[in-house]
Amino acid sequence: MVINWNTTADPEQPQPPPPRVRAAEYVRMSTEHQQYSTDNQSTAIRRYAEANGYEIVRTYKDDGKSGLNLSGRSGLKLLLSDIDADNTDFEALLVYDVSRLGRFQDPDEAATHELRIRAAGIQVEYCAEQFKNDGSISSSIIKTVKRTMAAEYSRELSVKVFAGQANLIRRGFRQGGAAGYGLRRLLVDVNGEPKGELGRGEHKSIATDRVILVPGPPEEIAVVQEVYRLFTDAEMPEREIADRLNKRGLVTDLGRPWSRGTIHQLLINEKYVGDNVWARTSFKLKRQHVQNAEEDWIRAKGAFGALVDRRVFNQARAIIDARSERLSDQVMLELLSSVLGAKGMLTGLIIDEAEGVPSSSAYRNRFGSLLRAYELVGFAPDRDYRYLEINRKLRALHPEIVAETMLALERSGGKVVRDAETDLLAINGEFTASMVVVRCVQNTSGSLRWKVRLDTMLKPDVTVVIRMAPGNVAPRDYYLLPRLDMADAVLRLCEHNGLSLDAYRFDDLSAFHHLAARRPWRAAA
């Protein structure tokens, strides 16, 4: 008998495959491209897992449409919660690409979430990217660029969507919101042919269909006209009009009793004279709702059939505006302070509901903004809206700077023609210049930052960037930039930006005046 003491495995026998690494997948819905559907993402992730030795043991899924913040992202929040609670049975997280974790406007926010995942010992893999997420310098740079590109894509998409919606408003189409008492929403096709009236809560289902406002039932139209008649001819205040309608058993379009505020809104809403008004508020990039200045509203006059004659509407507005004209600033603020004391807070609707108090629009007109009126009575809203006032001041400052620059150029011997619509300056008939006033922002660490949006539509040969000093009262310095060949039309400036940009920095505009007035001059020089 021969005993074989060799225990080495037979090399010709097949070896068992190494154990697969347990992994979770995270998928997030997107509406821009079908390739980003959660099913398609999951299919690509599972192909990657099969080829790279991963076993999918758990799925985190977000069907929400926005990747701009964590709000509504239940899948990602659950993942982070499981990590914090040490409730994970996997060693890797597979994601389709960098943008799927979120198109956060601050690229560092996405990096923070990845760092939080990796700190728990979970490797993050991006299955559709061309780089290995191994912590190398190259992968870190690529991820930073990709996150910035994703944030900018969202911003550009927001701008395009806003422009498209504004165009529809100017063409007389309704963009969301209830019709209001006495009006109805009518669905029309791409050719403007009526398709049917939309009930409350109903929406169009075909992308090319549009919605317009049309007069409602005759009995509601009669009530609207009666309200205006009682207010203008009978000089009856809003509260008495509301009481009169309530005694007759009439309710608003929401099925609620009439109040001073609802009557007031009916008297000041321009849709009753057929005007289409939009963008009174904004919620861009899912950050916060803001009240826009009236000059920023999108308005189309005569878009709908009017329920009230424009002369009567203007008469009602004149009566409302006149209430505050005879009141001093001190009296108006005392009345506002009394409302604050009674309600504990202030909003436009609360002011409009208050008896014997000027309307919210009166406070806005008298003090420049509601925020300024709030500040004067010691009320601080939960959100900081001061930047809106700063932006309004900078918009008012821009024409002055343009005018001063034109005057200085002409004194230096140059010839300047200003485009009335775009403020673009054509200098000596040889090149164009755009002037941009940029708000100064101080972050939590005390550092100063400026975000410059270049005008890629007009494509000026030269852009003069006026960086405001802290407080945004006076200019800090100026940057003279040639036309930049770059896809990203946003420059983020720090206090010091290195030789590549600081070479274009000046303490005043005299350098630009001297350069621009020379003849001949070429933009490419």
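Taking the working numbering, the leading residue of the sequence shown gets 4, the next gets one more, and so forth.
We put the CB at the ideal spot given by N, CA and C, even for glycine.
These numbers come from a predicted model, not from an experiment.
The C-beta of L104 has 16 or more other C-beta atoms within 10 Å across all chains shown, which makes the residue buried. For V467, the closest alpha carbon among the candidates V455, L484, L451 is that of L484.
Residue state for Q178 is assigned as coil, using DSSP reduced to three classes.
Annotated three-state conformation of T91 is coil, per DSSP. Around the beta carbon of Q445, fewer than 16 other beta carbons lie within 10 angstroms, which makes this residue exposed.
In the DSSP assignment, P218 is bridged to L186. Membership of K64 in the beta strand (DSSP E) is indicated by the continuous run 57 to 65. Counted as a single uninterrupted DSSP element, the alpha helix (DSSP H) harbouring Y366 occupies residues 363 to 370.
By a beta-carbon distance limit of 8 Å, L336 does not contact K274. Their separation comes to about 32 Å. Taking a contact as a CB-CB distance under 8 Å, the pair V342 and I354 counts as one, their CB atoms being some 6 Å apart. The three-state reading of DSSP puts M438 in strand, counting E and B together.
Looking at the backbone, the Cα of R150 and that of R174 are separated by about 36 Å.
Going by C-alpha positions, L310 is about 12 Å away from L270.
If you ignore the 5 residues before and after R421, its C-beta comes within less than 6 Å of the C-beta of L428, all in its own chain and listed in chain order. In this structure, the CA atom of N272 is about 11 Å from the CA atom of T265. Judged by DSSP secondary structure, I266 falls outside any beta strand (DSSP E) and instead within the alpha helix (DSSP H) spanning 263 to 271.
Assigned with DSSP and collapsed to three states, T115 falls in helix. Under the three-state reduction of DSSP output, F316 falls in the helix class. Per DSSP, Y275 lies in no alpha helix (DSSP H) and is assigned neither H nor E.
Annotation: Q126 to Y29 spans about 13 Å, alpha carbon to alpha carbon. Counting along the chain, V342 sits inside the alpha helix (DSSP H) bounded by residues 332 to 346. For I354, the uninterrupted alpha helix (DSSP H) segment begins and ends at 351 to 356. Beta-carbon to beta-carbon, H206 and S362 are separated by about 32 Å, too far to satisfy the 8 Å threshold.
Non-local beta-carbon contacts of G56 in its own chain, meaning distances under 8 Å to residues more than five positions away in sequence, involve P21, R23, V24 in chain order.
Judged by their CB atoms, T235 and Q333 are not nearer to each other than the 8 Å cut-off. If you check the CB distance, L494 and L457 come in under 8 Å. Here P384 carries a coil assignment [DSSP, helix/strand/coil]. Taking every protein chain shown into account, the CB of M438 has 16 or more other CB atoms within 10 angstroms, so this residue is buried.
With contacts defined by Cβ atoms closer than 8 Å, M32 and T41 form a contacting pair. If the five residues before and after D85 are omitted, its C-beta is found closer than 7 Å to the C-beta atoms of T91, all from its own chain and listed in chain order.
Where R242 is concerned, the enclosing alpha helix (DSSP H) starts and stops at 241 to 250.
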